[in-house]
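Each step along the sequence shown adds one to the number in our numbering, with nothing skipped, and position 126 is 262.
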Amino acid sequence: MSTSTSKPGGSLSDLPPLRRLVTGHDASTSKAVVQSATDFAWQPYDDNQMAFSVVYTTSQFPADLNNDADVQTHDSLMSSSKLGLVNPNGTVIRCVDFAPGYRCGMHRTQSLDYGIVLEGEIDMVLDSGDVEHMKRGHVAVQRATNHQWVNTSKTEWARMMFVLQDCKPLQVGGKSLGEDLGKDLGFLPESGN
137 MSTSTSKPGG SLSDLPPLRR LVTGHDASTS KAVVQSATDF AWQPYDDNQM
187 AFSVVYTTSQ FPADLNNDAD VQTHDSLMSS SKLGLVNPNG TVIRCVDFAP
237 GYRCGMHRTQ SLDYGIVLEG EIDMVLDSGD VEHMKRGHVA VQRATNHQWV
287 NTSKTEWARM MFVLQDCKPL QVGGKSLGED LGKDLGFLPE SGN
């Protein structure tokens, strides 16, 4: 389905809605509780051909969960509108929906990423020309490489979940390889790491 009409929860696709559950502790009993349960909030990009939903972020490693410091830091970062693809010194878990036929721009993040296909199929294209066709359950371990995602289906949306972790600056053959969003992803803020 390639329509750009928003679905419930702000999604663009016809894929199932997703829900985020954040756990914590009851202060009086120390027992685990669900602190919040919310539907994913989606942000459309690139003429409604791609949508992001940031599930959660951390801003230090290891994360500080005391007194809900991580929750407060996440909420503050999300309200700042300054989050790039990567969160410097932290992590990001982000869900991305790709429209049928959509090809995102070639890009590189300064991060170690795990990309898991949840729905549909998608091609991972590397700047070397290597192409890997990925199906539901396949995982890409992106190690600060230049890549793009291509949904080759003419009719079906694809959905991936990404966990991005900041990494030390990468040197390959004496050359520094930092973040490069390319000309096609210029609508995204730079990560600043």
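All C-beta atoms in this analysis are idealised placements derived from N, C-alpha and C, irrespective of residue type, glycine included.
Applying the 10 Å Cβ sphere with the 16-neighbour rule, what's the burial state of Gly273?
Only exposed fits Gly273, as fewer than 16 other CB atoms lie within 10 angstroms of its CB.
Check: First and last residue of the alpha helix (DSSP H) that includes Asp211?
Finding: Here the alpha helix (DSSP H) through Asp211 covers 205 to 216.
>> On the DSSP letters alone, give me the boundaries of the beta strand (DSSP E) that Glu255 sits inside.
In response: Segment 247 to 255, the beta strand (DSSP E) holding Glu255.
Have a look at Lys119 and Asp162 and give me their C-alpha separation to the nearest angstrom.
Residue 119 cannot be examined here, being either before or after the span of the chain that is shown, 137 to 329.
Within 10 angstroms of the Cβ of Met245, are there 16 or more other Cβ atoms? Answer buried if so, exposed if not. Looking at the sequence provided, one finds Thr at residue 245 rather than Met. So Thr245 counts as buried.
(message) For Cys231 and Met297, which I take to be in contact (beta-carbon distance under 8 angstroms), what is that distance rounded to the nearest angstrom?
(response) Contact check for Cys231 and Met297: beta-carbon distance about 5 angstroms, within the 8 angstroms limit, so the pair qualifies.
* **DSSP bridge partner residues for His269 (one or two, in chain order)** => Its beta-bridge partners are Asp259.
Query - Leu151, buried or exposed, once every other Cβ within 10 Å from all chains shown has been counted against 16 - result: Leu151 comes out buried.
| Of the choices Glu255, Arg279, His283, Leu254, whose alpha-carbon is the least far from that of Glu268? | Among Glu255, Arg279, His283, Leu254, the Cα nearest to that of Glu268 belongs to His283.
Q: Name the residue from Val275, Val277, Thr281 whose alpha carbon lies nearest to the alpha carbon of Gly265.
A: The shortest C-alpha separation from Gly265 is found at Thr281.
Measure the C-alpha to C-alpha separation of Lys290 and Glu326 and round it to an integer number of angstroms. Taking the straight line joining both Cα atoms gives about 31 angstroms.
Roughly how many whole angstroms lie between the Cα atoms of Leu321 and Leu157? A direct Cα-to-Cα measurement between Leu321 and Leu157 gives close to 30 angstroms.
Discussion item. Assuming Thr159 and Thr194 are in contact, meaning their beta carbons sit under 8 angstroms apart, how far apart are those beta carbons, in whole angstroms?
Written reply: In this structure, Thr159 and Thr194 do not form a Cβ contact; the two beta carbons are roughly 15 angstroms apart against a cut-off of 8 angstroms.
Notebook entry, point to check: How would you call Arg279, buried or exposed, if buried means at least 16 neighbouring beta carbons within 10 angstroms?
Noted result: With fewer than 16 other CB atoms across the displayed protein chains lying within 10 angstroms of its CB, Arg279 is exposed.
task: Take Leu306 and list the residues in its own chain whose beta-carbon comes closer than 6 angstroms to its own, dropping the five residues that flank it on each side.
output: Excluding residues within five positions, the ones whose Cβ falls inside 6 angstroms are Ala280, Leu313.
Worksheet item: Could you give the residue range of the beta strand (DSSP E) that holds Lys319?
Response: If you look at Lys319, you'll find it isn't in any beta strand (DSSP E); DSSP assigns it neither H nor E.
- Task: With a 10 Å radius around its C-beta and 16 neighbouring C-beta atoms as the bar for buried, classify Phe234 as buried or exposed.
- Result: By the beta-carbon neighbour count (other beta carbons within 10 angstroms, threshold 16), Phe234 is buried.
- What separation, rounded to the nearest whole angstrom, lies between the Cα atoms of Gly256 and Ser164? Inter-residue distance for Gly256 and Ser164 is about 45 angstroms (C-alpha atoms, whole angstroms).
What does a CB cutoff of less than 8 angstroms around His241 pick up in its chain, not counting 5 residues either side in sequence? Sequence check: residue 241 is Gly here, not His. Excluding five sequence positions before and after Gly241, the CB atoms of its chain that fall closer than 8 angstroms to its own CB belong to Gln284, Leu317, Gly318, Lys319, Asp320, Leu321, given in chain order.
Opposing strand residues paired with Cys231 [DSSP bridges]: Here Cys231 is bridged, per DSSP, to Ser189, Met297.
Nearest by alpha-carbon distance to Asp302: which of His243, Glu315, Val207, Asp211 is it?
It is Glu315 whose Cα lies nearest to the Cα of Asp302.
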